[in-house]
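Let me begin by presenting the structure, written as structure tokens, before commenting on it.
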Amino acid sequence: MISVLSARLGTLSKGLGDLLSYRHVLSCSSLISSMENRNRNITEVRWCSKSSSSVNRPKRPLTSFFRFSIEQRPIFKKQNPDLKSLELIKKIAFAWNELPVSEKKPYEMAAAAEGQIYKEEMARFKAQLTPEQTATLKKEKMQRLAKKKSIGMKRALTILGKPKRPRNSVNIFIAEHFNEAKGISFQENMKNLMKEWNKLQNSQKQLYMQLAEDDKVRYENEIAVWEKQMIEVGREDLIRFKQREIFEKQRKAKRRKAIMKTISDINSSKLEKILKSNMMTSKPEKSSTPPRKAEE
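In this text, residue positions in the sequence shown follow the UniProt record's numbering: the first is 1, and each later residue adds one.
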């Protein structure tokens, strides 16, 4: 049951990651889309991508799904005016998944055609780069990948219900009194609250320290249960490093124990066969001649 649930959550997490990246499309500097009535023959969709510090870098073409979503978004928005953006994207994604292969083909062909153009332009772009520009591009790519991985990990942890980390005494005090702060900005509120915290007597701070200790106990209990669930569903990569080390040691110990038991069973079986064989060979044969009578 847990493994099935985890698989579904993992699929949902990946799907949401792809869908949430749709918001980058909304910030495109240029978008031209021409489509022909029911056949949806897409003649041109100009490239959109996230902004880059690299000047004149070719921009990636839209995928077939994004082309479909840009076309369908106004229609779905009109039909569902009260839906939030994320719910709207989910509906569009569901419609795309239900779309027959024949109706997806125009979008896929347009994406493939512009993908080929992108490859050619990218090759020409890289050929004229200086070594410094190439190094800059490589650094930018590494940063983008690291950021994407971090966002994906955070999203996965949220979906899988990882417990929130414990708060310290200062954080608890600030959360309790934040609405009472009279600063103009967030920074000013924080500054004023820190001043109030520093003015508190130790006896007054003790209450918040105790609340922080209670929250720490809450976290340790919840994270222990959660990490056990993650191990059961095969997501050891999400648990804390120290716990992962403990789990690896336990798994290796179990494996060694199983191997030793197998070897012991094999040796016991072999020993039993050897003993039986020895007993058969050492068993005295019955004499065929009758025993002599005792002399009178």
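Note that beta-carbon positions come from the ideal geometry of N, C-alpha and C, so glycine has one too.
If I'm right that residue i touches residue j with Cβ under 8 angstroms, what's the distance once you round it to whole angstroms?
i           : j           : result
residue 172 : residue 208 : 5 angstroms
residue 68  : residue 107 : 5 angstroms
residue 86  : residue 160 : In fact, because the Cβ distance is near 18 angstroms, the residues do not count as touching under 8 angstroms.
residue 166 : residue 216 : 4 angstroms
residue 72  : residue 93  : So it is not a contact: roughly 10 angstroms between Cβ atoms.
Helix or strand or just coil, what does DSSP make of residue i?
i           : result
residue 129 : coil
residue 189 : helix
residue 63  : coil
residue 161 : coil
residue 221 : helix
residue 198 : helix
residue 237 : helix
residue 177 : helix
Does the Cβ of residue i have 16 or more other Cβ atoms within 10 Å, making it buried, or fewer, making it exposed?
i           : result
residue 114 : buried
residue 260 : exposed
residue 39  : The predicted model places residue 39 with a pLDDT of 38, which falls under 50 and marks its position as unreliable; any figure quoted below should be read in that light. Exposed, because fewer than 16 other Cβ atoms sit within 10 Å of the Cβ of residue 39.
residue 131 : exposed
residue 169 : buried
residue 100 : exposed
residue 246 : exposed
residue 88  : buried
residue 111 : buried
residue 142 : exposed
residue 65  : buried
residue 109 : exposed
residue 263 : exposed
residue 153 : exposed
residue 70  : buried
Nearest-angstrom Cα distance between residue i and residue j?
i           : j           : result
residue 124 : residue 226 : 50 angstroms
residue 63  : residue 235 : 30 angstroms
residue 211 : residue 82  : 41 angstroms
residue 103 : residue 91  : 17 angstroms
residue 148 : residue 122 : 22 angstroms
residue 139 : residue 56  : 17 angstroms
residue 61  : residue 157 : 31 angstroms
residue 201 : residue 174 : 16 angstroms
residue 277 : residue 223 : 57 angstroms
residue 180 : residue 186 : 12 angstroms
residue 80  : residue 183 : 40 angstroms
residue 228 : residue 77  : 42 angstroms
residue 252 : residue 241 : 16 angstroms
(message) Pairs of beta-carbons, one from the segment 174-192 and one from the segment 239-257, closer than 8 angstroms: are there three or more?
(response) Flag = no, the segment 174-192 and the segment 239-257 do not touch.
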